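K.L.:
Residue numbers (my numbering), protein chains in the order written: chain G, 1 to 999; chain X, 1001 to 1467; chain E, 2001 to 2224.
The beta-carbon is built from N, C-alpha and C at its ideal position, and this holds for glycine as well.
Predicted, not measured: the structure shown is a model, and the values here were computed from it.
Sharing a structure here in structure tokens format.
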Amino acid sequence: MPPVELWRSLDDLAGDPTLRELVSREFPAHADEMLASSRRDFLKLMGASVALAGMTACRRWPSELIVPFAHRPEGYVPGSTLQYATSLDVGGAATGLLVTSYDGRPIKIEGNPSHPQSLGATDPCAQATVLQLYDPDRSQGVVQREGSGEPAPRTVEAFTTWARTHFASLDASKGAGLRVLAEPSSSLALLAIRERFARRFPGAVWVEWDPLSRDAAREGATLAFGRPLRTHLALERADVIAAFDADLLFDDPAALANARAWARRRRAPDDVMNRLWAVEAGYSLTGGSADHRIAVPSVLVPVVLGRVAAVLARAGALPGLPPETRAALERFSSHSFDDPRIAALARDLAGAPGRSAVVVGPRQPAAAHALAHLLNHGLANAGVTVWYSEDPEPARPSHREAIARLAGDLNAGVVDTVVVLGGNPAYDAPRDLDLAGKLSHVKTAIRLGLYDDETSEVCDWHVPQAHYLESWGDARGWDGTAGIVQPLIRPLYDGMSAIELIALVADGKTTPGYDLVRATWQARLPSPDFERAWRRIVHDGVAEGTRFVAVAPELSPGAAAPIAALADAELPRAGTYELTFSRSASLHDGRYANLGWLAELPDPVTKLTWDNAALLHPEDAKALGVKRNGDRVAIEADGRELTVPAFLLPGQAKGSIGLDLGWGRRRAGRVGDAVGVDAYALRSSDSLWRAEARVARRPGTDALASTQDHHIVDTLGKREQAIRAEELVRTGTLEEFLENRAFARERVEIPPDAPLWTPHAYPGHKWGLAIDLTACTGCHACTIACQAENNIPVVGPAEVRRGREMHWIRVDRYFAGDPAAPRLAFQPMACHHCETAPCEQVCPVAATVHDHEGLNVMVYNRCVGTRYCSNNCPYKVRRFNWFNNHKHATAVEMMVMNPEVTVRSRGVMEKCTYCLQRIEAVKIAAKNEARAIRDGEIVPACAQVCPTEAIVFGDLNDPESRVRAAHDDPRCYGVLEEVNTKPRTRYLARLTNPARGEA
Amino acid sequence: MAVATLERPSRDNTSSDPARRAPLVLAGNDYASVTEKVCRIVEVRKPPRAWTLAFTIAASFTGILGLMVLYLITTGVGVWGLNKPVSWGFDITNFVFWVGIGHAGTLISAILYLFRQQWRTGINRFAEAMTIFAVICALLFPGIHVGRIWFEYWIAPLPNQMSMWPNFRSPLLWDFFAVGTYFTVSLVFWYMGLIPDIATIRDRATTKARRIAYGLLAMGWRGSNRHWHRYERAYLLLAALATPLVLSVHSVVSFDFATSMLPGWHATIFPPYFVAGAIFGGFAMVLMLAVPCRQWFGVKDVITPRHLENMCKIVLATGMMVGYAYAIEFFIAWYSGNPVEGFVFINRAFGPYAWAYWTMVFCNVATPQVFWSRRARSNPWVIFAVAVFVNIGMWFERFVIIVTTLSRDFLPSSWNSYTPTWVEVLTLMGSFGLFFTLFLLFLRFLPMIAMAEVKAIMPAPHGEAHR
Amino acid sequence: MTQQGPNTVFVFPAWVDELKPFIAAAGVGLPIYLVALVWYGGSPATTDVGYAPQQPVAYSHALHAGELGIDCRYCHNTVEVAAHAAVPPTQTCMNCHTNIRGTSPKLAAVRESSATGMPIPWVRVHDLPDYVYFNHSAHVRRGVGCVECHGRIDAMDVVYQAKKLSMGWCLDCHRNPDAHLRPPEAATQMDWEPPKGVDRTAFGKTIRERLKLAPSEDCSTCHR
């Protein structure tokens, strides 16, 4: 267990407001620059500010202070990094994380390799939470809103004393009028406290609400098995995967594990490569990676599933099917909708009994899930590629029912106290329930939240929530694996964690989170050497043997009727469209709206930043009179209307319109306010995921901030783009590959190399990188990892519109192949470290040069900013600081900076360095220990977080290294090799595995 | 100015017998009257109203330029419309444009001098002046377009604590030397030529102040034989020195593009193509200035129709060379069989920037064709109009080369378009302000015609002393 | 003497002509002079060497490292394992000073820090720009003595910057390290001399070959 003393004392230094105040008082105008002036580490930073405030320095740069510990913790080396294991619980499913801390400041979040739900990978959101920790817009103190709603600051003590008395007063009624509205949580500690809570307030109701609820799956399981089982996938065993409106590689509680397992089965194409079918309305990343994608409106997805089932049933591939179910399936055969590929899919599934998996996404009705269970049982997949576990909370009503009932109770006026734990129901609850309005009228509403947001606004008390990097807790992954949430820094603002608040309610006294968690685990861990076990769990971040036990349930016949009902699904009436809601790839359900990193992270498919848009099939767009992206359309659903910029998305199902949730926040903060449109406004409790909508063109066009396809409206450009996409992202089927393994290399003719001088020899190390396009799903985890590691600034929508985004590694997205059903192709693109780098020759001041290990080095402090290098870079991966991008960064915001990487000033060029700082760190360590560098010891940020291990870095001179193997792979090719740049970053061609005759 | 179809030169200027060519000084001017005519411009107390008006406008634009540069330096290059991939836009376009303008002067004074083209004498002085000022405007842009102006001196090979040299492989560095040298030599050349005439003005000076001012500039010129002897020598040497520079400087500027690897830039034809274009644009600018000046300052007799006509012919010739270069570019793009190269040129002619491309073609290739007609060559209005068109065209040529190429290079994912901001537009206008301010000051305070040289090509005087 | 004639136009006496050569000379010389001025005036040798800020505690290296001969690593104990040769925590001072001079007014600040836990704000003397990444362990373990960059600290009552610490200065050593190398174990030994009769450079060469040192001149070595 990390020494508590450590961050306490360090935090005293770092967080100490007096220092900051001092500077601000002395130099109000320049406080920021001065605090920012020295960015190597925060201690120095504080030093500089004091120095400036105190003395006048007659030197080229301000003199700095060194402020060592008074008592340095045992074994702690100043200026070095430590990693701590913790967990992030989102929507009741946790991901294991390793958080890097520099002198007591968490600065980087990566996956915890020993956690089965992370395996060392992370998604963009989890990584960005470190930015949330230092978000200056987080609420910084308790606020009370009297009847008038005027916020008045209160001390935590004031609140706790008030709370004690208030909840004591509820004892009489056994808490009959008490409701807790909580976001889903997998915390065992919370469960324990809830028992105490229930004992004290038997009359109280615990309401759980998740705007991205996956309860349809639960209900589906109830239909199929008679009880709400949780479904898990073991894709490593699956040869054929059929995803029905299920984004199991990205938008799934087990996405990281799924992606890893899926990719492993595509990596070595010689043994059986799996095949992925996707049936969906909008383009998900799973659809993008699929070998076959059937684009149908969301409402028809169950019909496709049903038809597949019917075919299988007829073919007798589903033994032991009860007659009524068989009859139900027959109804699908007569459905008006059909597609030749359905038969192929059925054939494919039938051909792989026990080696296939049928997956249905949370946006589909319960019956569809039941049908999937039916198929998996029939195909003998249950227990092999798909397994089940008991639901941790079987008694819980579905989110939809729960929130509706709460709204009812609020109406009826039987509720006098509501405690809102996290979440943001006033913003994301179904609008027809008008929860915001109802909360504002309830007698006492207490809100625990990171931000003083839409919900806090209508509550009487707002209590700042401690960030998970500031507080103790525990959380379970989707598969049940439990891990500890441990703080890396003392709360920057006096915050409280959910368990602490509930403990206060339940016990009437404040208990430190640490004690609560420890107590919970004391009960679960062996008593004799608890201390050792506990320390191990805290250290590893994973508790062994806490995974859910698999159960082998029996199908119950009850499902037939609802399944049959699915066959009645019809397309929306003429003149109306189907509107589907989806999670925002970057902002999740809206909780991350104020994080610049994520707001500026391009949507993987549309490449939109700082905005969401109505995704239209080009033909629908034409019908609506939408000419180009950004044209406004009005969407009217359930009596509420919303004006949204439209976006023409090839591959979107005709008649279906996609819209991302999580945007258009009112009270997110300085970054996130009024960014995008609030899709929740159209959401009703009976149409959480799909609504019938009327759409009409509205005058006006919004300038969307996209990081790709700026101004490619002319046919000339479009045509050329299509041609080049094939050469850039070289794609071939498995068959083609087995026929000619070097097909990718032969795709473009490379003129023979006749150098004028003897090329450089690289005797020592020879760094290189390889990216496997077969594995890349385009999730953009690498982009954020790079941003966090390399202090890459956020520039804002206006600058992105100009084409000035700063991401060092971007993920190029191309639509290839048949325009009617285009293939999605992703290509991560960063500096290629060309051996004959065009950028180096043209720099007048030698600010970008080669080093002896073949790195193309960009020396910021030498750059004068002619931008000639960028012009001459064929990959256009160089980024220029058009302004001082850190001008307005406050001291707290600067705390997220990585001290090992120079923060670039205005007017200099920057680019990918292969994470030079990581290379140097390992090199020096290895030299000090007089040993060679092991392969895989140096891992660039992008490679570290990649869920599918698509990025490999290493020494090309090491014959054993994985990167060497990758570069020797027959699939390996270099982009634009023909211009003789000799890139060190090379790609492995993308292989697809379409069913025979279906390519 | 009043429309005056110029009296046609009665004789054949191409004849090998000088006597049969049109005279280079008309209306029977003699030495004294030439001196009088030219010096009066500098000596009159009140300048022509046209001058005052022009100067006021020019000066105010120079002020705007100053503000724009200040804003740029305090805020960052981001105030311009540049982006990734288009990292160069108006800045380098203007630079190349102005350097091009700065070609005619030295060409006229040096090369025509070596070729014994006597008609140069009438125009060389202010053509040279124009060169100097154009190059000043040119140097401004690479100066201000960098991200960290305060470190720009790193481009110069100076001793430093980093013990770092600049990168001598970089064309920008070659630029730095080429343009720098060209500027220095042109300046010295121009000043050399000025000395005798300044002396003349000094001698005629009536006020002490003028005597001291012009006295300093004249550097004690007494017109002695020894002076004249050395002067002629030095002038010849400088001419010889300047001649290769005329060709080198724009060749080097073209290397900025030619040595890069971008389709549309990476072309071996660039050096000659750029030099031809520069002379083309330069002469157009000379014409644009000469036509009104000879009117306002009454020196029609010295800058004769023959001068104008000769220059029109040069414009016509170089214009066709430029047109040929445009054609060749397309041919090579197709002939090389390089698809990326091919696309760039198709895109130039039919892509989003087609309008710019066709403006360029119209101005540079179509308009000069009117000079096939002698009547056009002798109509100041036509000459002036064509000159203006050519200048516009030449600016667009650089814009097209730079922007269309950058906006769509290898990876479609990074394609983008470029729109200048108001800052860039005002900066461009400001640079014209600066140019004209300097030029107008020159007209007002220095002899705009090389009196000494003009006299040298005039018929022998009738025993009158030369002063 | 000015020229004869009806109107004397020359306002400058003839001897002014004598000045012309000098004017020419100045025209050439001035730029060179300015360059030289900036070069020397702006060089770290001028601006930085000798920088000796006043420290919150009058700690004398001359006394502790010199007279008492305490090894550098007793206080700067991370120098061999980390980039920073960490300035010691107050605790390190108190190890001795609880007993020795326990009441000396000079040590008031130290005692206070130790009591309150608030650090002593030392002023940084050897301060490289933030874009320079120097690693102590990489040098000390390769036979570069403390004295090479810090000078005779053991003779300083108030620590001052003894060397230029400029990029050129770093490169000088990276290019010809021999004259600056010593056995790694003698890294902290301020007055180390090569064995009698052995030339320093020659000795350094043997060290370089023994430790297989090839100091890098790559930008990436120090700039990230």
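What residues of chain G sit near threonine 1075 of chain X, judged by a beta carbon separation below 8 angstroms?
P.N.:
Going along chain G in sequence order, the residues near threonine 1075 of chain X (Cβ under 8 angstroms) are Phe883.
K.L.:
Can you tell which of G/Pro874, G/Arg867 and G/Thr890 has the C-alpha that lies nearest to the C-alpha of phenylalanine 880 of chain G?
P.N.:
Checked all of G/Pro874, G/Arg867 and G/Thr890; the closest Cα to phenylalanine 880 of chain G is G/Arg867.
K.L.:
Within this structure, are the beta carbons of valine 485 of chain G and serine 87 of chain G separated by less than 8 angstroms?
P.N.:
Contact: yes.
K.L.:
Starting from the beta carbon of valine 2087 of chain E, find every residue of chain G whose beta carbon is closer than 9 angstroms, and list them in chain order.
P.N.:
Those are Ile66, Val67, Pro68 and Pro78, listed as they occur along chain G.
K.L.:
Which term fits threonine 1121 of chain X, buried or exposed, when burial requires 16 or more other beta carbons within 10 angstroms of its beta carbon?
P.N.:
By the neighbour-count rule (16 or more Cβ atoms within 10 Å), threonine 1121 of chain X is buried.
K.L.:
Can you name the residues of chain G whose CB is closer than 7 angstroms to the CB of leucine 1173 of chain X?
P.N.:
In chain order: Pro844.
K.L.:
Please confirm if isoleucine 1212 of chain X has its CB atom under 8 angstroms from at least one CB of chain E.
P.N.:
By this cut-off, isoleucine 1212 of chain X is an interface position.
K.L.:
In the DSSP assignment, what residue or residues form a beta bridge with glycine 449 of chain G?
P.N.:
DSSP lists G/Pro464 as partners of glycine 449 of chain G.
K.L.:
What's the gap between the Cα of lysine 1046 of chain X and the Cα of alanine 1032 of chain X?
P.N.:
Answer to the nearest angstrom: the Cα atoms are 22 angstroms apart.
K.L.:
Whose C-alpha, out of G/Pro319, G/Ala370 and G/Val299, is nearest the C-alpha of histidine 1023 of chain G?
P.N.:
Outside the shown range of chain G, which is 1 to 999, sits residue 1023 of chain G, and nothing can be said about it.
K.L.:
Using the Cα positions of leucine 769 of chain G and alanine 281 of chain G, report the straight-line distance between them to the nearest angstrom.
P.N.:
Roughly 36 angstroms separates the two Cα atoms.
K.L.:
Measure the C-alpha to C-alpha separation of valine 1386 of chain X and leucine 2034 of chain E and round it to an integer number of angstroms.
P.N.:
Roughly 48 angstroms between the two C-alpha positions.
K.L.:
Between the region 2113-2121 of chain E and the region 68-81 of chain G, are three or more C-beta pairs nearer than 8 angstroms?
P.N.:
Touching, per the Cβ criterion.
K.L.:
Going by the CB atoms, is the gap between valine 1077 of chain X and tryptophan 277 of chain G shorter than 8 angstroms?
P.N.:
Contact flag unset, no.
K.L.:
With three or more beta-carbon pairs closer than 8 angstroms as the criterion, would you say the region 1332-1345 of chain X touches the region 1306-1322 of chain X?
P.N.:
Not touching, per the Cβ criterion.
K.L.:
Use the C-beta contact count for valine 1044 of chain X: other C-beta atoms within 10 angstroms, 16 or more gives buried, fewer gives exposed.
P.N.:
Exposed, by the Cβ-count rule.
K.L.:
Pair every Cβ in the region 447-461 of chain G with every Cβ in the region 660-668 of chain G, then say whether three or more of these pairs are closer than 8 angstroms.
P.N.:
Yes, the region 447-461 of chain G touches the region 660-668 of chain G.
K.L.:
State the Cα-Cα distance for the pair valine 1034 of chain X and arginine 1040 of chain X, rounded to the nearest angstrom.
P.N.:
Cα to Cα, valine 1034 of chain X sits roughly 10 angstroms from arginine 1040 of chain X.
K.L.:
Considering only C-alpha positions, which residue in the set X/Leu1238, X/Met1320 and X/Val1291 is nearest to arginine 1306 of chain X?
P.N.:
Nearest C-alpha to arginine 1306 of chain X: X/Val1291.
K.L.:
Evaluate contact between the region 1059-1074 of chain X and the region 1405-1417 of chain X, counting only Cβ atoms and requiring at least three cross-stretch pairs below 8 angstroms.
P.N.:
With a cut-off of 8 angstroms, the region 1405-1417 of chain X and the region 1059-1074 of chain X do not count as touching, because too few Cβ pairs lie within range.
K.L.:
Is the separation between the beta-carbon of leucine 728 of chain G and that of alanine 989 of chain G shorter than 8 angstroms?
P.N.:
Not in contact: leucine 728 of chain G and alanine 989 of chain G (Cβ atoms no closer than 8 angstroms).
K.L.:
How would you list, in chain order, the residues of chain G whose beta-carbon sits under 7 angstroms from the beta-carbon of valine 2081 of chain E?
P.N.:
Going along chain G in sequence order, the residues near valine 2081 of chain E (Cβ under 7 angstroms) are Val77.
K.L.:
Between the alpha carbons of threonine 481 of chain G and histidine 399 of chain G, how many angstroms are there, rounded?
P.N.:
Distance between the alpha carbons of threonine 481 of chain G and histidine 399 of chain G: 23 angstroms.
K.L.:
Taking the alpha helix (DSSP H) that asparagine 411 of chain G belongs to, which residues open and close that run?
P.N.:
Here the alpha helix (DSSP H) through asparagine 411 of chain G covers 399-412.
K.L.:
On the DSSP letters alone, give me the boundaries of the alpha helix (DSSP H) that aspartate 1203 of chain X sits inside.
P.N.:
Unbroken alpha helix (DSSP H) run through aspartate 1203 of chain X: 1171-1204.
K.L.:
According to DSSP, is aspartate 103 of chain G part of a helix, a strand, or is it coil?
P.N.:
In this structure, aspartate 103 of chain G counts as coil in the three-state DSSP scheme.
K.L.:
Which of helix, strand or coil does DSSP assign to arginine 1008 of chain X?
P.N.:
Here the model assigns arginine 1008 of chain X a pLDDT of 47, short of 50, so the residue's position is not dependable, and the following value carries that caveat. If DSSP states are grouped into helix, strand and coil, arginine 1008 of chain X belongs with coil.
K.L.:
When the cut-off is 8 angstroms and only beta carbons count, does valine 2011 of chain E lie next to chain X?
P.N.:
For valine 2011 of chain E, the answer is yes, since a Cβ of chain X falls inside 8 angstroms of its Cβ.
K.L.:
Where does aspartate 428 of chain G sit, in a helix, a strand or coil, going by DSSP?
P.N.:
Aspartate 428 of chain G: helix per DSSP, three-state reduction.
K.L.:
Could you give the DSSP three-state label for leucine 52 of chain G: helix, strand or coil?
P.N.:
A caution first: leucine 52 of chain G carries a pLDDT of 37, below 50, which makes its placement in the model too unreliable to give a value.
K.L.:
Does the distance from the C-beta atom of valine 99 of chain G to that of leucine 469 of chain G stay below 8 angstroms?
P.N.:
Contact flag set, yes.
K.L.:
In terms of alpha-carbon separation, which member of X/Glu1309, X/Val1403 and X/Phe1442 lies closest to alanine 1376 of chain X?
P.N.:
That would be X/Glu1309, whose Cα lies nearest to the Cα of alanine 1376 of chain X.
K.L.:
Give me, in chain order, the residues of the same chain whose beta-carbon lies closer than 6 angstroms to that of phenylalanine 743 of chain G; leave out the 5 immediate sequence neighbours on both sides.
P.N.:
Around phenylalanine 743 of chain G: Gly732 and Glu736.
K.L.:
Using a cut-off of 7 angstroms between C-beta atoms, extract the partners of glutamine 917 of chain G located in chain E.
P.N.:
Chain E residues near glutamine 917 of chain G: Arg2224.
K.L.:
Throw me the rounded Cβ distance for the alanine 243 of chain G and serine 356 of chain G pair, which I believe falls under 8 angstroms.
P.N.:
Between serine 356 of chain G and alanine 243 of chain G the Cβ distance is about 12 angstroms, and since that is not below 8 angstroms, they are no contact.
K.L.:
Could you give the residue range of the alpha helix (DSSP H) that holds tyrosine 514 of chain G?
P.N.:
Looking at the DSSP string, the run of the alpha helix (DSSP H) that includes tyrosine 514 of chain G is 513-524.
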